[in-house]
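Asker:
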Amino acid sequence: MVDAAVVSAKLEELERRIARVRHHAKPTPAELEADPDALELVAFNLMLAVQACLDIASHLVADEGLAPAATLAESFQRLGEHGVLSTETAASLARAAGLRNVVAHAYGAIDVARLHAAATDGLADLERFAREVAAWTQASQAEGRR
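In my numbering, the protein residues as written are 33 to 178.
Structure (structure tokens):
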């Protein structure tokens with residue numbers, strides 16, 4: 033049974049992180065790279081935004097009794113298979129999990145162009161995730177699930 037309050041709190045956190053990324057992002061990758069403070073703030077808040085999505089995905093997978101995911105990215109695939117997320121959103125967030133891992137675990141140098149793309153174009157994927165999860169949670173509540 034999905035705890036709507038947990039999902040709602042994580043969606044609010046996601047919204048705050050997206051706003052922080054937008055606030056600190058620069059118009060070009062070169063400008064982002066030239067401002068180390070902005071680069072770190074964007075990377076950190078993107079990582080935490082994706083982590084909020086992962087937390088939600090893990091919560092929904094567990095609460096819905098879905099097959100456990102072997103990887104973080106697989107959590108999003110499970111939600112796609114279960115109809116919580118569209119195929120497009122599940123695939124986008126699976127890729128975002130990879131970026132989160134690079135930032136979180138410092139796997140080599142961060143590709144500033146990739147980070148910039150995530151901080152600009154990629155925010156739409158996070159917002160779509162939030163809309164789809166919110167809609168699914170609301171529909172689940174209306175059907176009598178908890």
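Beta carbons: idealized from backbone N, C-alpha and C, even for Gly.
Go through its chain and collect everything with a Cβ distance to N77's Cβ below 6 Å, but skip five positions before and after it.
Answerer: R49, R52, V53
Asker: Would you check if the segment 122-141 and the segment 37-45 touch, i.e. whether three or more CB-CB distances between them fall below 8 Å?
Answerer: no
Asker: Determine the burial state of H55: buried for a count of at least 16 other Cβ atoms within 10 Å of its Cβ, exposed for fewer.
Answerer: exposed
Asker: Starting from S118, trace the alpha helix (DSSP H) both ways and give me its first and last residue.
Answerer: Segment: none, S118 is in no alpha helix (DSSP H) and carries neither H nor E.
Asker: E47: which of A66, W168, L155 sits nearest, CA to CA?
Answerer: For E47, the nearest C-alpha among the options comes from L155.
Asker: With a CB to CB cut of under 6 Å and the five nearest residues on each side skipped, what residues in its chain are close to L71?
Answerer: The residues L64, in chain order, have a CB closer than 6 Å to that of L71 in the same chain once the five nearest residues on each side in sequence are set aside.
Asker: On the premise that V82 lies in contact with A122, defined as a C-beta separation below 8 Å, what is that separation, rounded to the nearest angstrom?
Answerer: 14 Å between Cβ atoms; not a contact.
Asker: C85 to F108, Cα distance in whole Å?
Answerer: 9 Å
Asker: Helix, strand or coil for M33 per DSSP?
Answerer: coil
Asker: E106 and A126: beta carbons closer than 9 Å?
Answerer: yes
Asker: With a cut-off of 8 Å on the beta carbons, I'd call A13 and M79 a contact; round off their distance for me.
Answerer: The first residue shown for the chain is 33 and the last is 178, placing residue 13 beyond what the model contains.
Asker: For A145, which residues from the same chain have a beta carbon less than 6 Å from its beta carbon, with the 5 sequence-adjacent residues on both sides left out?
Answerer: Here the set comprises P61.
Asker: Would Q173 and A36 be called neighbours here (beta carbons separated by less than 9 Å)?
Answerer: yes
Asker: Excluding the five sequence neighbours on either side, which residues of its own chain have a C-beta within less than 6 Å of the C-beta of E164, listed in chain order?
Answerer: L117, T121.
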